[in-house]
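The structure appears right after this line, and notes come after that.
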Amino acid sequence: MSERNHWHPVADGAALTDAPVAVSLLDEQLVLWRDAAGAVHAWPDRCPHRGARLSLGRIEGGRLECPYHGWQFAAGGQCVQVPALPGFEPPATHRVAAYEAQEAHGLVWVRLAAGGPPLPAFAAEDDARLRKLNCGPYDVAASAPRIVENFLDMSHFSFVHEGWLGARGMASIDDYAVEETAAGFCATGCKAWQPQSNLHSTAPAQVEYTYEVTGPYAAVLTKLPEPGTVARPDWREAIALFICPVGPERSRVWFRLAVADFDSPDERLREFQDTIFRQDQPVLESQTPKRLPLDLRAELHTRADRASATYRRHLARLGVTFGVL
Ligand code: FES
Ligand code: FE
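According to our numbering, the sequence shown is numbered sequentially starting from 1441.
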């Protein structure tokens, strides 16, 4: 098992319409396209005839057509037409080897090797009362594991997000609990004092989070309701972090929000998330080594970093090799 057996997000589902799209996942070049029935497909972005990029081609009658000699491939990957030989029936060997692809959380997900866990869970997705919205993608010159760690890290709030998610002089982090889960682990009782924890905050508040690592490059933050900001006490707003590991030191990042804010337009919610992430990005891109060292002796840790230390041990246990040292 490795990261190739896990599902990874590669594109916004809405961006995939009537033309093929090129994406990179784990250093592999893929072409994504949607057939006449609306199903998504992910194939190597290379025509088996002479190696041209299929993503430069087009979709014709529910088939993907190569830009070079016009060979057409049906949804299952079989070549069904060679225009230079109109009477020729391509044999079963004339085909591309498809990867598994599916849509969830507004994104297209792919896995490169069969047999692994289901795609990262996001329980708030199923709470019909909450509003769902994707933010991003953000292209970041950092490894996916460094980005997950930053998402789990509360002790940077007072510095990187000063005036928003934290304040100098209020930087202390109370102890929190970390427990293993089936998919990863969960950190509960994570408290932060935040001047502007969301778009609607009118006063600083003590916010309590739960963090869950749900895949090698995926995590979910759930907020306990803050007084005055959430309509009902049993609602749990959540933000999922979904990362496409494009290369070992390059990532494409999405946040999926499940929130109780029904008034703000999409752009305003996205603007808030953009503001916060643009504060993280330069620090993330400055970190060296870019690949996350899994040997805990390679960097210094304190009790406030328990979640990130647990994440490193978790990646080592999973056998993840991409984006780590
Ligand atoms: Fe694709 Fe020839 S290279 S049809
Ligand atoms: Fe941050």
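Beta carbons: idealized from backbone N, C-alpha and C, even for Gly. Source: prediction; values computed, not measured.
At the C-beta level, ALA1515 and HIS1481 come within 8 angstroms of one another. Annotation for GLN1727: ARG1586 place their beta carbon closer than 6 angstroms to its own, counting only its chain and skipping 5 residues before and after.
When only Cα atoms are considered, VAL1580 and GLN1721 end up about 7 angstroms apart. For a cut-off of 8 angstroms, the C-beta gap from TRP1483 to ALA1538 is around 5 angstroms, short enough to register as a contact.
In the DSSP annotation of this structure, the continuous segment of the alpha helix (DSSP H) that includes GLN1719 starts and ends at 1706–1726. ILE1679 places its beta carbon 8 angstroms or farther from that of SER1691.
A Cβ-Cβ distance of about 5 angstroms is found for the pair ALA1451 and VAL1548, placing them in contact under the 8 angstroms criterion. The set of residues with any CB-heavy atom separation to the ligand FE below 6 angstroms comprises, in chain order, ASN1590, HIS1596, VAL1600, HIS1601 and ASP1720. Judged by pairs of C-beta atoms under 8 angstroms, the segment 1706–1723 does not touch the segment 1735–1752, as fewer than three such pairs exist. Here GLY1555 is exposed. Its C-beta has fewer than 16 other C-beta atoms within 10 Å.
Contact check for ALA1462 against ARG1498 fails: the beta carbons are separated by 8 angstroms or more. In its chain, beyond the 5 residues on either side, PRO1560 and PHE1682 have a beta carbon closer than 6 angstroms to the beta carbon of ALA1658. Each residue's CA atom was taken as its position, placing SER1595 and THR1662 some 17 angstroms apart. Secondary structure at ARG1746: helix, using DSSP grouped into helix, strand and coil.
Look at which beta carbons fall closer than 5 angstroms to any heavy atom of the ligand FES; those residues are CYS1487, HIS1489, ARG1490, ALA1492, CYS1506, TYR1508, HIS1509 and TRP1511. Within the same chain, and ignoring the five residues on either side of ARG1490 in sequence, the residues whose Cβ sits closer than 8 angstroms to its Cβ are TYR1508 and HIS1509. Residue pairing by DSSP leaves LYS1730 without any beta bridge partner.
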